[in-house]
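See structure below.
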Amino acid sequence: MYKIPFEFGNLLACFVPGNKRRARVRGWVNVILFRPFIMSFVRRTYGIKPKSVRFVRQKTLNRIVCVVDEKYYVKIFRNVTVKKLQDFKFLMDFIRTYISVEIPVIFVSKHIPMYVCEKIPGRNVREFDKNLILNNENKIVSQVKNVIQELQKIQISQIPNNERFVFSMQPERSVEKPCERPHQVLAHFDMNETNFLFDDDLNLLGVIDWDTISIAQNPDTDFNIFSKHWTRYKERVQKQDK
Ligand SMILES: Nc1ncnc2c1ncn2[C@@H]1O[C@H](COP(=O)(O)OP(=O)(O)O)[C@@H](O)[C@H]1O
Ligand SMILES: [Mg+2]
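Under my numbering, the first residue of the sequence shown carries the number 39, and numbering increases by one thereafter.
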């Protein structure tokens with residue numbers, strides 16, 4: 039049943055020209071149709087009376103992100119079960135103790151495959167002056183590496199019921215390069231520069247967007263993914279100078 043708003047949004051979007059505009063229409067239609075469920079879920083979870091909901095983005099046909107009262111982020115999935123999201127919550131609660139920066143505390147709806155978490159303070163690098171970022175590249179990269187290391191310290195066998203709890207909700211995005219000495223590690227799998235939040239002095243405060251968390255066979259996977267995005271980010275900002 040919860041798929042109906044998704045299908046409706048997708049259908050309406052067929053009549054809209056342009057990929058970006060189509061995604062926005064789809065997103066807004068979804069958020070408007072889901073709105074009553076989103077609002078009551080946030081109200082029940084945090085015991086507040088939410089006022090506003092703003093559509094954040096919809097990268098694919100399969101999930102939407104919106105923000106309630108500019109404070110609570112809600113993500114709704116089209117092809118993921120509530121059960122899988124509950125397993126994801128369990129895994130996040132487990133790994134939180136190993137990670138020295140904030141990771142979202144999520145709450146899962148019982149009826150619709152959606153979760154909510156509070157906003158983690160900080161800004162991603164795109165929201166800073168690019169020269170400040172380029173001058174502090176080492177500091178940024180070493181903090182990212184530190185999170186990867188912390189994640190890799192977790193033995194897969196330590197995770198209770200690991201065969202149930204370690205999975206990826208978007209497995210199609212799990213791109214790994216082959217390596218010489220493979221061994222299993224936990225990996226975030228979406229380490230792009232928008233998922234790291236920093237304070238004004240570029241201290242890393244938190245890492246978001248863990249939906250793709252899974253087991254990697256190549257321990258360099260997370261860093262490879264981060265490097266690819268980081269190189270792209272640098273190329274883009276350097277191009278702006280020209
Ligand atoms: N817990 C959070 N704290 C702060 N910002 C968030 C949080 N969750 C989502 N966001 C914002 O919403 C955007 C999209 O959320 P994200 O979980 O990264 O979804 P996506 O899979 O579309 O990248 C993020 O880039 C960030 O700006
Ligand atoms: Mg993201």
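Idealized CB from N, CA, C, for every residue including glycine.
Heavy atom of ligand 1 within 7 Å of residue i beta-carbon
i, result
"Pro142", "yes"
"Val94", "yes"
"Asp260", "no"
"Ile70", "no"
"Leu235", "yes"
"Ile158", "yes"
"Tyr111", "yes"
"Val103", "yes"
"Cys217", "no"
Residue i beta carbon near ligand 2 (any heavy atom closer than 7 Å)
i, result
"Thr232", "yes"
"Asp238", "no"
"Asp131", "no"
"Asp284", "An answer regarding residue 284 cannot be provided, because it is not within the stretch 39 to 280 covered by the chain."
Alpha-carbon spacing of residue i relative to residue j, whole angstroms
i, j, result
"Asn230", "Lys41", "29 Å"
"Asn173", "Leu240", "11 Å"
"Asp125", "Asp279", "46 Å"
"Glu165", "Val275", "12 Å"
"Leu123", "Glu214", "24 Å"
"Ile192", "His149", "31 Å"
"Asp238", "Asn262", "26 Å"
"Phe115", "Asp260", "23 Å"
"Lys272", "Glu108", "29 Å"
"Pro151", "Ile186", "28 Å"
"Asn200", "Trp268", "31 Å"
"Asp131", "Leu49", "37 Å"
"Gln222", "Val245", "21 Å"
"Glu8", "Phe46", "For the chain, the structure presents residues 39 to 280; residue 8 sits outside this window and is missing."
"Ile253", "Val105", "29 Å"
"Lys121", "Val182", "30 Å"
"Val163", "Thr232", "7 Å"
"Leu243", "Pro159", "7 Å"
"Arg64", "Lys58", "10 Å"
Endpoints, alpha helix (DSSP H) assigned at residue i
i, result
"Tyr84", "57-84"
"Ile133", "120-134"
"Ile263", "259-279"
"Ile171", "168-173"
"Lys113", "No alpha helix (DSSP H) contains Lys113, which is instead part of the beta strand (DSSP E) from 110-115."
"Lys41", "41-51"
Per-residue DSSP class, three states only, for residue i
i, result
"Lys157", "coil"
"Ile251", "coil"
"Val245", "strand"
"Val105", "strand"
"Ile194", "helix"
"Val182", "helix"
"Leu99", "coil"
"Arg219", "coil"
"Leu224", "strand"
"Val163", "helix"
"Glu140", "strand"
Contact check, residue i vs residue j, beta carbons under 8 Å
i, j, result
"Arg134", "Phe236", "no"
"Arg101", "Lys113", "yes"
"Asn184", "Cys217", "no"
"Lys177", "Tyr111", "no"
"Lys127", "Ile141", "no"
For residue i, the first and last residue of its enclosing beta strand (DSSP E)
i, result
"Phe234", "234-236"
Heavy atom of ligand 4 within 7 Å of residue i beta-carbon
i, result
"Asp228", "Of the ligands this structure carries, namely ligand 1 and ligand 2, none is ligand 4."
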